[in-house]
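Chains as they are written, first to last, in the working numbering: chain A, 457 to 684; chain B, 457 to 684. Beta carbons are placed, not taken as given, at the ideal position from N, Cα and C, and that holds for glycine. Here the structure is a predicted model, which is why all the values come from computation and not from measurement. So the structure is just underneath, and the comments pick up after that.
Protein chains: 2
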Amino acid sequence: MSDSHYQYPKHHVAVDCIIFGYEKDILKVLLSHRRFQPAQGDWSLIGGWIREEETAEKAAERVLVEITGLKDIYLEQVEVFSKLDRDPGGRVISIVFYAMIRLDKHDSVLAEKHGTGWIAYNKIPKLVFDHEQMLLAAHEKLKLKASYELIGQNLLPTKFTLTQLRKLYEAIFQRKFDPGNFRKKVLSLGMLEKQTDKNTSDSKKGAYYYRFENKEENLIRDNIVKRF
Amino acid sequence: MSDSHYQYPKHHVAVDCIIFGYEKDILKVLLSHRRFQPAQGDWSLIGGWIREEETAEKAAERVLVEITGLKDIYLEQVEVFSKLDRDPGGRVISIVFYAMIRLDKHDSVLAEKHGTGWIAYNKIPKLVFDHEQMLLAAHEKLKLKASYELIGQNLLPTKFTLTQLRKLYEAIFQRKFDPGNFRKKVLSLGMLEKQTDKNTSDSKKGAYYYRFENKEENLIRDNIVKRF
DNA sequence: ACAAAAGTGTTTCGGCTACACCCATGC
DNA sequence: GCATGGGTGTAGCCGAAACACTTTTGT
Chain A
457 MSDSHYQYPK HHVAVDCIIF GYEKDILKVL LSHRRFQPAQ GDWSLIGGWI REEETAEKAA
517 ERVLVEITGL KDIYLEQVEV FSKLDRDPGG RVISIVFYAM IRLDKHDSVL AEKHGTGWIA
577 YNKIPKLVFD HEQMLLAAHE KLKLKASYEL IGQNLLPTKF TLTQLRKLYE AIFQRKFDPG
637 NFRKKVLSLG MLEKQTDKNT SDSKKGAYYY RFENKEENLI RDNIVKRF
Chain B
457 MSDSHYQYPK HHVAVDCIIF GYEKDILKVL LSHRRFQPAQ GDWSLIGGWI REEETAEKAA
517 ERVLVEITGL KDIYLEQVEV FSKLDRDPGG RVISIVFYAM IRLDKHDSVL AEKHGTGWIA
577 YNKIPKLVFD HEQMLLAAHE KLKLKASYEL IGQNLLPTKF TLTQLRKLYE AIFQRKFDPG
637 NFRKKVLSLG MLEKQTDKNT SDSKKGAYYY RFENKEENLI RDNIVKRF
């Protein structure tokens, strides 16, 4: 596709981001409470236009920096939504991304200023346009990734206990995992490094902290969750 | 994203399709031999522009009809490629799809007219721009799908033997599967319907034909190929 | 008779599951 | 002492993998 581009139609192209965060055993999503028309007062995903001089990924990063103040966020493409009437304001092609961010790091003042809020995944209100479908697609993709790769690096604090990691998985998959089996499974991957100190606030006995080893080989692909 | 669209930049948006076909135990891809500048003589994927009044999926379907004469083709989104310089002719955002088509059904005269050819997957020549990356991404997605769903419906003739199905899988994964185990695995899914007639051309003994049962429950999600 | 694919049966092995059970500690 | 989460051990089960073996038929 390269000859005489200029005679062909051009389109408005946007990015919409599903920003996952994790706090108090709950998977959350950063949503925006629209303060103007159309759909004023409704909740929507965080999005923005793609500029002429930026890739879709750069646009998503820019939007994330504007809202959360965070750079170097984990981002993954989900899907393109291009129905003609998906946005009542006009024909807009939207490229959907999901992001994982560490809630403890994010700039809440900035988020507040943009009228955003962290909403528990299982308590998502009605969203504008096709944003619910986008959210579902992003969640499926997140589960798929978490099922064959150990995630958590981008959602948990640097140091975490295995119970915290398990509860993250329980929040993502909305189901329980056997504590003993989960522990054995994730440790067998050899991606976690045991620390010498313990967390004593979540239990009486105290649980050792772990952290992700930053090896190159950490692209381990194994079945962590078999079916879902 | 809906207020005052008109002040925001618009982009050229294209679709590029990786069209998979299967013939003589070989996985093939339909490529186009460019007959004009730029990159004249080079091979490229089949693509086209998205029109104002069509979705990305519709654009891909239209392109496929133009080239193969086939409607109702299996299509799946792969990924968006949006690097600024990916197309030397200008800034083009490309939405990549892969398709599976039955080679026995396709219109070879039409394809010929467009300067296209079926190339074996493991003998792909150098492709223009970022089309090689697109092809790799599409192949990964195809393998992922084939690993948890029984595919073949869209690549094989209506009637096929289990050996033909196995060889399709071997072509997709570029590895061998144990004939006995493969047979037991796919039959255990209960998605195939044994026919009364046999194929006698591929072997002396003859092998029963099977066909896909067209049940709704055929959305079975199981591990057909564990790791790859 | 032999080769070659079709089709069935069997054994082994590893991993997941479901537990039981001990440990450490705050109350 | 007892409740609670931390952590270890183990028996059973299921499915994948490896491979032996029998069937059928064209040459």
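Interface residues of chain A facing residue i [CB-CB closer than 7 Å]
i: LYS466 of chain B; result: LYS466, HIS467 and HIS468
i: LYS579 of chain B; result: Those do not exist, as LYS579 of chain B stays about 24 Å from chain A at its closest Cβ, beyond 7 Å.
Residue i: contacting residues in chain B (beta-carbon distance under 9 Å)
i: ARG507 of chain A; result: TYR464 and PRO465
Contacts that residue i makes with chain A (C-beta to C-beta distance below 8 Å)
i: ALA512 of chain B; result: VAL536, SER538 and ILE549
Contact under 7 Å by Cβ, residue i with residue j
i: LYS527 of chain A; j: VAL521 of chain A; result: yes
i: LEU487 of chain A; j: TRP499 of chain A; result: yes
i: ASP634 of chain B; j: PHE585 of chain B; result: no
i: ALA627 of chain B; j: LEU501 of chain B; result: no
i: HIS468 of chain B; j: VAL548 of chain B; result: yes
i: LEU648 of chain B; j: TYR666 of chain B; result: yes
i: THR617 of chain B; j: ASN655 of chain B; result: yes
i: LYS466 of chain B; j: LYS466 of chain A; result: yes
i: LYS539 of chain A; j: THR511 of chain B; result: yes
i: CYS473 of chain A; j: ALA516 of chain A; result: yes
i: LEU621 of chain A; j: GLY636 of chain A; result: no
i: GLY525 of chain B; j: LEU566 of chain B; result: yes
i: TYR664 of chain A; j: LYS650 of chain A; result: yes
Within chain B, the residues that residue i reaches when beta carbons sit closer than 7 Å
i: GLN630 of chain A; result: Neighbours of GLN630 of chain A on chain B: none; closest Cβ ~17 Å, over 7 Å.
i: GLN533 of chain A; result: GLU535 and VAL536
Beta-carbon separation (whole angstroms), residue i vs residue j, contact threshold 8 Å
i: ASN679 of chain A; j: SER564 of chain A; result: About 37 Å separates the two Cβ atoms, so there is no contact after all.
i: TYR478 of chain A; j: LEU612 of chain A; result: 7 Å
i: ILE523 of chain B; j: VAL471 of chain B; result: Between VAL471 of chain B and ILE523 of chain B the Cβ distance is about 12 Å, and since that is not below 8 Å, they are no contact.
i: PHE684 of chain A; j: LYS599 of chain A; result: 6 Å
i: THR619 of chain B; j: ASP653 of chain B; result: About 15 Å separates the two Cβ atoms, so there is no contact after all.
i: GLU596 of chain B; j: ARG677 of chain B; result: Rounded, the Cβ-Cβ distance is 18 Å, inconsistent with contact.
i: GLN496 of chain B; j: ASN578 of chain B; result: GLN496 of chain B to ASN578 of chain B, Cβ: 26 Å. No contact.
Beta-bridge partners of residue i, as assigned by DSSP
i: SER488 of chain B; result: B:SER500 and B:THR572
i: SER550 of chain B; result: B:ALA470 and B:PHE537
i: GLY477 of chain A; result: A:LYS484
i: TYR666 of chain A; result: A:PHE616 and A:LYS650
i: MET556 of chain A; result: A:PHE476 and A:TYR530
i: LEU583 of chain B; result: B:TRP499
i: ASN655 of chain A; result: A:ALA663
The region 538-556 of chain B touching the region 589-597 of chain B, judged by at least three CB pairs closer than 8 Å: The answer is yes - the region 589-597 of chain B touches the region 538-556 of chain B, with three or more Cβ pairs under 8 Å.
Do three or more CB pairs link the region 526-540 of chain A to the region 569-583 of chain A at distances below 8 Å? no
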